[in-house]
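Take the sequence shown: its letter number 73 is residue 73 in UniProt numbering, and every next letter is one higher. Don't be surprised by glycine CBs; every beta carbon is placed ideally from N, CA and C.
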Amino acid sequence: MMNSAHGFERDDRIIPVHHQPACLIDFALAREINSHQLLRGTGIFLEQLQELEKGISPAQWLRLCDNTERCLAAEDTSFQIGQRLLPGHYGPVSIALTHAADVLQAMQMLCQFPAELSPLLAPRLILDERYIGVYWLDSCGLGKQHRFVVETAASAVTAMCRWLSGEKLPWRFLFAHDKPDYIEQYHAHLGDDLHFNAHVDAMILPRQFATRTWPRAVASVASKAMHEAEVQRQRQGFQQSFIAVIYDFVWQHRRSGCSLEQLSEHLAISPATCKRKLKLHDNSFQQLHDQMRKHVALYLYWAKGYRSEDVANYLGFHDSTNFRRSFKRWTGQLPSVIRDWLPQLGL
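Written as structure tokens, this is what we have:
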């Protein structure tokens with residue numbers, strides 16, 4: 001049984017099948033994909049799409065994504081699907097998102113309701129003096145579907161903000177994966193400000209767009225829908241994934257550091273159980289701890305202009321040599337190389 005304090009796991013049936021999965025299935029069937037091939041191995045049946053209480057797990061959702069990608073064999077599949085996912089028709093949370101006041105409120109909603117709006121990737125808000133945006137965390141062990149899911153998420157947020165704002169916003173995209181062969185699809189659906197092998201999946205805007213009022217916004221409707229969405233979430237008993245819960249814990253200890261034993265005590269489970277659960281998600285405590293420190297280091301370099309000595313000190317490294325060695329393990333590159341990216345990233 002799922003422990004709500006631990007977050008949902010990859011085999012927990014927390015995704016309503018008539019929400020995002022139904023969007024994907026309808027998209028594929030409209031392109032005359034055989035339903036048996038599309039649903040093979042997913043444990044989903046077409047007659048279940050109207051069952052409001054039927055849920056599927058992230059693992060099933062990933063299998064459905066994999067089947068769809070293989071059956072359609074089209075380079076724009078992820079982008080086309082993404083454009084259909086947000087704000088969606090998922091009850092109060094979609095109503096609230098449709099009436100968001102601006103980019104800032106929309107990104108806050110996206111981060112506040114990841115289980116409903118982004119169950120495979122956990123968004124985290126980026127907000128400082130110059131930029132607003134989100135970066136994405138793998139929620140459940142995406143494996144080979146990572147790029148497909150990231151493309152879908154980036155397309156979903158881009159299309160939603162374009163529709164709600166009434167204008168094409170100048171997003172800058174950073175992707176952890178290599179530049180794909182089908183780069184023209186990125187240009188067509190996302191724009192031209194694209195950066196690959198960036199060690200993080202993120203999309204950011206200049207800060208002046210954060211609170212530019214959107215024409216569809218109705219504050220009273222958004223407020224009422226947000227309250228209803230929060231009540232609904234409390235009734236469900238979960239908010240985010242097990243992986244995201246752990247990431248947030250190590251992030252809270254980003255300066256002092258933490259151990260697997262401290263995490264296990266926080267979650268009220270044994271270290272062995274914690275390691276077993278992480279392994280089921282193709283992850284480990286050390287991987288998540290390193291990922292968090294990599295994200296913090298990149299932010300401090302690119303957004304704050306920190307020197308390596310300052311970053312090392314912020315993360316609790318007392319030996320700069322040890323920090324450089326760790327940073328190269330996280331990214332495959334030395335800090336000096338990462339800093340040299342600043343001009344080409346335009347940060």
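* Asked: Helix, strand or coil for residue 117 per DSSP?
  -> As a first step, residue 117 is located in the sequence shown; it is residue number 117 there, counting from the start. It is helical.
* Asked: Under the three-state reduction of DSSP, which class applies to residue 317: helix, strand or coil?
  -> Within the sequence shown, numbered from 1, the residue matching residue 317 stands at position 317. DSSP places residue 317 in coil when its eight states are reduced to three.
* What are the boundary residues of the beta strand (DSSP E) that includes residue 350? -> The shown model of the chain, from 1 to 347, leaves out residue 350, and the question about it has no answer.
* **Cβ neighbours of residue 6 in the same chain (closer than 7 Å, five flanking residues each side left out)** => As a working mapping, residue 6 is identified with position 6 in the sequence shown. So the list reads 242, 245 and 267, once near-sequence residues are dropped.
* Asked: Secondary structure at residue 27, three-state DSSP: helix, strand or coil?
  -> As a working mapping, residue 27 is identified with position 27 in the sequence shown. Residue 27 falls in the helix class under three-state DSSP.
* With DSSP collapsed to three states, give me the class of residue 1. => Looking up residue 1 in the sequence shown gives position 1. Reliability fails at residue 1, whose pLDDT of 49 lies under 50, so the model's placement of it is uncertain and no value is given.
* Asked: Looking only at DSSP bridge pairs, what is residue 195 linked to?
  -> On the sequence shown, position 195 is the one that residue 195 refers to. The partner list for residue 195 (beta bridge, DSSP) reads 174.
* Under 8 Å between the Cβ atoms of residue 119 and residue 14? -> In the sequence shown, counting from the first residue as 1, residue 119 sits at position 119. In the sequence shown, counting from the first residue as 1, residue 14 sits at position 14. Result yes, Cβ atoms of residue 119 and residue 14 sit closer than 8 Å.
* Asked: Distance, Cα to Cα, residue 155 vs residue 189?
  -> Looking up residue 155 in the sequence shown gives position 155. Looking up residue 189 in the sequence shown gives position 189. C-alpha separation (whole angstroms): 7 Å.
* Asked: What is the DSSP secondary structure of residue 205, reduced to helix, strand or coil?
  -> Here residue 205 is taken as the residue at index 205 of the sequence shown, counted from 1. In this structure, residue 205 counts as strand in the three-state DSSP scheme.
* Hey, could you find the ends of the alpha helix (DSSP H) residue 183 is sitting in? => Here residue 183 refers to the residue found at position 183 of the sequence shown. That run of the alpha helix (DSSP H) goes 183 to 189.
* Asked: Contact check, residue 131 vs residue 207 under 8 Å by CB: the rounded distance?
  -> Translated into positions along the sequence shown, residue 131 becomes position 131. Translated into positions along the sequence shown, residue 207 becomes position 207. Indeed, because the Cβ distance is near 6 Å, the residues count as touching under 8 Å.
* What number of angstroms, rounded off, separates the C-alpha of residue 284 from the C-alpha of residue 140? -> Mapped onto the sequence shown, residue 284 falls at position 284. Mapped onto the sequence shown, residue 140 falls at position 140. Distance between the alpha carbons of residue 284 and residue 140 is about 12 Å.
* **Which listed residue (169, 82 and 215) has its alpha carbon closest to that of residue 151** => For the purposes of this step, residue 151 is taken as residue 151 along the sequence shown, with counting starting at 1. Out of 169, 82 and 215, 82 has the C-alpha closest to the C-alpha of residue 151.
* Asked: Rounded to a whole number of angstroms, what is the C-alpha to C-alpha distance between residue 262 and residue 307?
  -> Here residue 262 refers to the residue found at position 262 when the sequence shown is read from its first residue. Here residue 307 refers to the residue found at position 307 when the sequence shown is read from its first residue. Straight through space, the alpha carbons of residue 307 and residue 262 are spaced by roughly 30 Å.
* Asked: Leaving out the 5 sequence neighbours to the left and right, which residues in its chain are closer than 7 Å to residue 191 when beta-carbon positions are compared?
  -> In the sequence shown, residue 191 corresponds to position 191, counting from 1. Excluding sequence neighbours, residue 191 sits near 171.
* Asked: Going by the CB atoms, is the gap between residue 103 and residue 161 shorter than 8 Å?
  -> The count along the sequence shown starts at 1 and reaches residue 161 at position 161. The count along the sequence shown starts at 1 and reaches residue 103 at position 103. A contact, by the Cβ cut-off of 8 Å.
* residue 77, buried or exposed, once every other Cβ within 10 Å from all chains shown has been counted against 16 -> Position 77 of the sequence shown, counted from the start, is the residue given in the question as residue 77. Counting Cβ neighbours within 10 Å, residue 77 comes out buried, since at least 16 surround it.
* In chain order, each alpha helix (DSSP H) run of at least 4 residues that lies wholly inside the segment 71 to 137 -> As far as the segment 71 to 137 is concerned, its whole alpha helix (DSSP H) runs of at least 4 residues are 77 to 82, 92 to 98, 103 to 112 and 114 to 117.
* Helix, strand or coil: which one does DSSP assign to residue 21? -> As a working mapping, residue 21 is identified with position 21 in the sequence shown. In the structure shown, residue 21 sits in a helix (DSSP, three-state: H, G or I).
* Asked: Run through DSSP, which three-state label would residue 243 get?
  -> Counted from its first residue, the sequence shown places residue 243 at position 243. Of the three classes helix, strand and coil, the one that applies to residue 243 here is helix, per DSSP.
* Bounding residues of the alpha helix (DSSP H) (the contiguous stretch that carries residue 340) -> Along the sequence shown, read from residue 1 onward, the residue named residue 340 stands at position 340. Following the DSSP letters along the chain, one finds residue 340 in no alpha helix (DSSP H), marked with neither H nor E.
* Close-in-space but distant-in-sequence residues of the same chain around residue 179 (CB under 7 Å, 5 per side omitted) -> As a position in the sequence shown, residue 179 is number 179, starting the count at 1. Counting only Cβ-Cβ distances below 7 Å, and skipping sequence neighbours, we find 196.
* Asked: Among 334, 305, 135 and 218, which one has its Cα closest to the Cα of residue 295?
  -> Numbered from 1 along the sequence shown, position 295 holds the residue referred to as residue 295. Of 334, 305, 135 and 218, the residue nearest in Cα terms is 135.
* Asked: Who are the Cβ neighbours of residue 31 in its own chain at under 8 Å, not counting the five residues just before and after it?
  -> Position 31 of the sequence shown, counting from 1, holds the residue named residue 31. If we look at residue 31 and ignore the five residues flanking it on each side, its Cβ neighbours are 72.
* **residue 1 versus residue 276 - alpha carbon distance** => Here residue 1 refers to the residue found at position 1 when the sequence shown is read from its first residue. Here residue 276 refers to the residue found at position 276 when the sequence shown is read from its first residue. Reliability of the predicted coordinates at residue 1 is poor, the pLDDT of 49 falling under 50, and the value obtained from them is presented with this limitation in mind. The alpha-carbon atoms of residue 1 and residue 276 are separated by roughly 16 Å.
* When the Cβ atoms of the segment 93 to 110 are set against those of the segment 214 to 233, are three or more pairs found closer than 8 Å? -> Judged by Cβ distances under 8 Å, the segment 93 to 110 makes contact with the segment 214 to 233, as three or more pairs qualify.
* Taking just the CA atoms, how far does residue 334 sit from residue 340? -> As a working note, residue 340 is residue 340 in the sequence shown. As a working note, residue 334 is residue 334 in the sequence shown. Straight-line Cα distance between these residues: approximately 10 Å.
* To do: Work out the CA separation of residue 272 and residue 257 for me, nearest whole Å.
  => As a first step, residue 257 is located in the sequence shown; it is residue number 257 there, counting from the start. As a first step, residue 272 is located in the sequence shown; it is residue number 272 there, counting from the start. Rounded to the nearest angstrom, the two C-alpha atoms are 20 Å apart.
* **Same chain only: Cβ atoms within 6 Å of residue 20, ignoring 5 sequence neighbours per side** => On the sequence shown, position 20 is the one that residue 20 refers to. The residues are 85.
* **Which of helix, strand or coil DSSP assigns to residue 271** => Locating residue 271 in the sequence shown gives position 271, where the first residue counts as 1. Residue 271: helix per DSSP, three-state reduction.
* **Those residues which DSSP pairs with residue 58 across a bridge** => Within the sequence shown, the letter at position 58 stands for residue 58. In DSSP, residue 58 forms no bridge with anything.
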